[in-house]
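Everything below concerns the one structure shown next.
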Amino acid sequence: MPYKTILVHMDSKVNPEPLLKAACSIVDDPHLHITGVFVKPPILTGLYAESGITAKMIELQEDETKRRENEARLLFEKTVDSYGLRSDWHSLDGYVDEAICQISKYADLVVIGQNGSLESPNSSHGVESNIVMSSARPVLIVPYIGFTRKPGSKILVAWDESSEATRAVNDALPLLQSANHVEVLAVVDKSANDEVPTADICLYLARHRVKAEASKVVADGMKTSDIILNRATDRGADLLIMGAYGHSRIRELVLGGATHNMMQNMTLPVLMSH
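Quick note, the sequence shown lines up with residues 53 to 326 if you use my numbering.
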């Protein structure tokens with residue numbers, strides 16, 4: 053089913069312009085609907101009182117939040133209008149990860165930015181980790197360095213036969229079907245046999261009108277995330293599709309190594325599903 057509604061997190065603290073351009077351009081559909089979301093952080097007055105923060109300081113913070121929202125909304129409206137797309141705007145109260153995950157139920161794809169400095173009270177890895185792990189929809193993360201080409205023309209799929217990777221492939225089918233080139237890559241260890249572990253998923257994709265190249269690379273001591281990013285660079289990929297791995301401890305989110313490293317070091321937009 054094609055994407056019809058794309059949700060994008062808008063906040064001038066994170067430079068939302070590349071996120072918005074990715075959301076507006078990744079699908080070639082004049083009827084696409086873009087939902088902009090700005091999240092206003094809660095005012096924890098009890099904690100502020102204990103730390104000596106005054107009412108005037110709280111007022112200044114609220115004014116700064118309003119300024120950021122106005123700035124983000126002006127950019128949102130101008131950009132969406134330039135693409136000729138329909139849109140709506142939501143201003144929500146609360147923590148970014150919780151608010152985005154709640155409203156993600158009403159979109160086909162969520163677009164957020166890579167920014168490890170935006171910490172979540174529920175995660176030691178930042179807001180984007182919580183959103184990826186808890187969102188009802190696939191999440192497209194745009195690196196803070198932005199991107200140079202419209203995502204989705206040359207796609208690299210990281211495949212390891214896991215449930216998360218399977219979900220990511222299915223969530224990305226609308227993009228895979230419209231891509232000019234798709235490569236499905238498996239990172240294997242030295243003891244692996246000569247079989248190509250991506251052959252079956254490529255056959256599955258072929259039944260969905262996706263012509264994909266099956267490939268594998270031997271890890272040879274390198275980090276999986278580094279191998280995948282190197283491959284993406286070598287092949288000129290403009291979008292990476294992969295599963296997001298992790299599990300929850302009490303009050304803490306624990307990511308798998310490849311997922312965490314990718315979120316830290318991504319050089320191109322990455323679509324993740326958990």
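No residue lacks a Cβ here, since even glycine has one placed at the ideal position from N, Cα and C.
Close Cβ partners of residue i (< 6 angstroms) along its chain, the five nearest in sequence each way excluded
| i | result |
| --- | --- |
| N232 | S205 |
| S186 | C153 |
| A188 | S156 and K157 |
| Y55 | V79, D160, L161 and P226 |
| F128 | M62 and G88 |
Contacts around residue i, its chain only, beta-carbon distance under 7 angstroms, and the 5 residues preceding and following it disregarded
| i | result |
| --- | --- |
| C76 | I86, T131, V132, Y135 and L137 |
| R120 | D63, S64 and K65 |
| P203 | A74, I78, D290, L291 and P321 |
| G146 | V91 and P94 |
| K275 | N313 |
| S325 | P190, E216, R219, A220, D223, G295 and A296 |
| L228 | I207, V234, L257 and V262 |
For residue i, three-class secondary structure by DSSP
| i | result |
| --- | --- |
| V79 | coil |
| I110 | helix |
| V262 | coil |
| S143 | strand |
| F128 | helix |
| S86 | Looking at the sequence itself, residue 86 is Ile, so the reference to Ser does not match. Residue state, collapsed to three classes: strand. |
| I293 | strand |
| K242 | coil |
| T285 | helix |
| H312 | helix |
| L237 | strand |
| T57 | strand |
| K268 | strand |
| L320 | coil |
| K275 | coil |
| R303 | Residue confidence is low: R303 scores 38 on pLDDT, short of 50, so the model does not pin down where it sits. Its coordinate-derived value is still stated next. If DSSP states are grouped into helix, strand and coil, R303 belongs with coil. |
| V66 | helix |
Euclidean distance between Cα positions of residue i and residue j
| i | j | result |
| --- | --- | --- |
| P82 | I110 | 43 angstroms |
| S267 | K108 | 60 angstroms |
| E304 | G165 | Residue placement at E304 is flagged as unreliable, the pLDDT there being 42, under the threshold of 50; the coordinate-derived value follows with that caveat. So the two alpha carbons sit approximately 21 angstroms from each other. |
| L72 | L126 | 12 angstroms |
| A238 | A159 | 30 angstroms |
| F90 | H142 | 6 angstroms |
| L144 | A220 | 28 angstroms |
| I207 | L112 | 45 angstroms |
| L257 | T218 | 11 angstroms |
| A124 | D115 | 14 angstroms |
| T200 | E213 | 31 angstroms |
| V236 | A224 | 13 angstroms |
| N222 | V240 | 22 angstroms |
| Y297 | T106 | 42 angstroms |
| T117 | H260 | 45 angstroms |
| K242 | D272 | 7 angstroms |
Contact set for residue i: own chain, Cβ-Cβ below 8 angstroms, skip 5 residues either direction
| i | result |
| --- | --- |
| T319 | P195, I197, L281, A284 and T285 |
| V269 | L237, A238, V239, V240, I279 and R283 |
Can at least three beta-carbon pairs, one atom from the region 188-196 and one from the region 67-86, be found at a separation below 8 angstroms?
-> Yes, the region 188-196 is in contact with the region 67-86.
Count the C-beta pairs between the region 278-295 and the region 247-254 that are closer than 8 angstroms, then say yes if the count reaches three, no if not.
-> No, they do not touch.
Scan the region 165-234 and note each continuous alpha helix (DSSP H) run of 4 residues or more that stays entirely inside, going in chain order.
-> The DSSP assignment places complete alpha helix (DSSP H) segments of no fewer than 4 residues inside the region 165-234 at 179-186, 215-223 and 225-230, in order along the chain.
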